[in-house]
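The working numbering puts the first residue of the sequence shown at 665, with every later residue one more than the last.
Beta carbons: idealized from backbone N, C-alpha and C, even for Gly.
Everything numeric in this text was worked out from a predicted model, so none of it was measured.
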Amino acid sequence: MSRRTNNEASLQDIQNSINQLATNTNNAISDLAAQVQALAAAASANAANLQQLQLNQQQAGGQGAPQATVTFATSPGTSNQSVVINYGTRYGMALYDMGIKPLFDSEETKFDLENEGALNFEKAVERRAKNMGWYDDQQGILTFNVDGEDLDLLSDYGRIESDAIKTQSEPVFMHNGAKRNARAAQNNDMMQTMLFDSLTTNAQTRVAVFKDEYEFANGGNPEKKIIVAAALYKVIMKLTTLDTKNTDKALRISIII
């Protein structure tokens with residue numbers, strides 16, 4: 665009986681040691697995770713500070729010591745919107761990744777050009793556009809003038825003709841356009857990538873049939889074509905509207921029958 669009691673005591677000691685080791689390991693992992701988060705936050709802050717210093721130097725024309733000023737913005741994309749994004753920095757790449765990220769995470773939730781998801785798609789595009797500064801007065805790509813009135817593409821795409829979008833976007837996509845090497849061109853590239861990647865595979869295939877309505881030669885190299893994000897959005901919504909009309913027609917017919 666004594667030997668059995670000693671064995672049980674030894675097993676309990678071993679179990680206690682294992683439990684303590686597990687507790688110590690979990691604590692160590694938690695500490696390491698906290699350190700990694702702290703290092704990531706510090707790296708992000710350093711990148712932001714570096715970007716701000718570069719912007720200050722550009723604004724100061726490279727003369728004298730940079731001023732420690734901060735430009736107020738409601739999101740990273742709306743900060744210093746007139747300045748070209750430096751993709752050679754971590755901050756610049758983070759901003760790019762934020763701009764091109766699909767609006768929806770999986771194939772099942774991506775936009776399929778059906779009316780049921782149209783409103784959700786429109787609102788998601790609008791949120792991204794606002795966060796990224798794509799509405800900026802100087803470098804924005806979503807406002808078009810029609811008969812003397814400035815119209816918002818996302819809400820008034822039906823009132824803006826495709827030719828107007830192409831003509832007024834020429835400064836962005838033409839090889840000698842005034843904004844070809846400006847922030848507006850970067851905005852256009854991010855938005856068109858985001859739009860395509862937010863569609864289902866089937867929707868992408870259907871949209872691609874109309875590529876001549878959103879993909880234009882840039883005037884420099886005849887073989888080089890640029891996708892104009894605004895024109896792409898127009899095509900997407902046109903196809904969605906056509907599907908809606910066909911659905912409504914089918915419903916009316918079924919009611920009559």
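May I ask you to verify whether the stretch 835 to 854 touches the stretch 799 to 807, counting CB pairs closer than 8 Å and requiring at least 3?
-> Judged by Cβ distances under 8 Å, the stretch 835 to 854 makes contact with the stretch 799 to 807, as three or more pairs qualify.
Going by CA-CA distance only, name the one from T733, Q679, Y897 and I682 that's closest to E825.
-> The shortest Cα separation from E825 among T733, Q679, Y897 and I682 belongs to Y897.
Spatial neighbours of P766 within its chain, please: CB distance less than 8 Å, with the 5 preceding and 5 following residues excluded, ordered by chain position.
-> Excluding residues up to 5 positions away in sequence, K774, M858, D861 and S862 lie with their Cβ nearer than 8 Å to the Cβ of P766 in the same chain.
Which word fits L833, buried or exposed, when buried means at least 16 other C-beta atoms lie within 10 angstroms of its C-beta?
-> Checking the sequence, you will find Ser at residue 833 rather than Leu. A buried status is given to S833, since no fewer than 16 other beta-carbon atoms sit within 10 Å of its beta-carbon.
From M757 to Q676, what distance separates their C-alpha atoms?
-> Roughly 55 Å between the two C-alpha positions.
Would you call the CB atoms of M796 and M854 closer than 8 Å?
-> Yes.
Mapping DSSP to helix, strand and coil, what is D811?
-> Assignment of D811 by DSSP, reduced to helix, strand and coil, places it in the coil class.
Relative to the C-alpha of Y878, which residue among T865, M901 and D816 is closest?
-> If we check each option's Cα against that of Y878, M901 comes out closest.
L818 and A788 closer than 8 Å at C-beta = Their beta carbons are not under 8 Å apart, which means L818 does not touch A788 by this criterion.
Just grab the DSSP bridge partners of L955 for me.
-> This structure leaves residue 955 out entirely; the chain is present only between 665 and 921.
Are the CB atoms of V892 and V871 nearer to each other than 8 Å?
-> Using a Cβ distance threshold of 8 Å, V892 and V871 do not count as a contacting pair.
DSSP state of K889, grouped into three classes?
-> If DSSP states are grouped into helix, strand and coil, K889 belongs with the strands.
Opening and closing residue of the beta strand (DSSP E) in which A881 lies | Element bounds for A881: E879 to A881.
Three-way DSSP call (helix, strand, coil) for D816 in this model | Residue state, collapsed to three classes: strand.
Among residues of its own chain, excluding the 5 on either side of G726, which ones have a beta-carbon nearer than 8 Å to its beta-carbon?
-> Its pLDDT being 48, under 50, G726 is placed unreliably by the model, and nothing is read from it.
Under 8 Å between the Cβ atoms of L777 and A881?
-> No, they are not a contact pair.
If we ignore side chains and look at the alpha-carbon of each, how far apart do K888 and Q856 end up?
-> Answer to the nearest angstrom: the Cα atoms are 16 Å apart.
In angstroms with no decimal places, state the Cα-to-Cα distance between G812 and V836.
-> A direct Cα-Cα distance of roughly 21 Å separates G812 from V836.
Note down, in chain order, each residue of its chain lying with its Cβ closer than 7 Å to the Cβ of L903, except the 5 sequence neighbours on either side.
-> Excluding residues up to 5 positions away in sequence, L777, R870 and V871 lie with their Cβ nearer than 7 Å to the Cβ of L903 in the same chain.
Assign Q679 to one of two classes, buried (16 or more other C-beta atoms within 10 Å of its C-beta) or exposed (fewer than that).
-> Counting the other CB atoms within 10 Å of its CB gives Q679 a total below 16, which places it among the exposed residues.
Endpoints, alpha helix (DSSP H) assigned at N784 = It spans A782 to M796 - the alpha helix (DSSP H) in which N784 sits, taken as one unbroken run.
To the nearest angstrom, how far is it from the Cα of D761 to the Cα of I682?
-> One C-alpha to the other measures close to 44 Å.
Excluding the five sequence neighbours on either side, which residues of its own chain have a C-beta within less than 8 Å of the C-beta of N840, listed in chain order?
-> The residues are G883 and G884.
What does a CB cutoff of less than 6 Å around F874 pick up in its chain, not counting 5 residues either side in sequence?
-> Setting aside the 5 residues that flank it on each side, F874 is surrounded in the same chain by V899, each with a C-beta closer than 6 Å to its C-beta; the list follows chain order.
Which residues in the same chain have their Cβ closer than 7 Å to the Cβ of A842, if we skip the five residues on either side of it in sequence?
-> Once the five neighbours on either side are set aside, the close Cβ partners of A842 are P835.
Pick from D820, G752 and T733 that is closest to A894, judged by C-alpha positions | Relative to the Cα of A894, the nearest Cα in the group D820, G752 and T733 belongs to D820.
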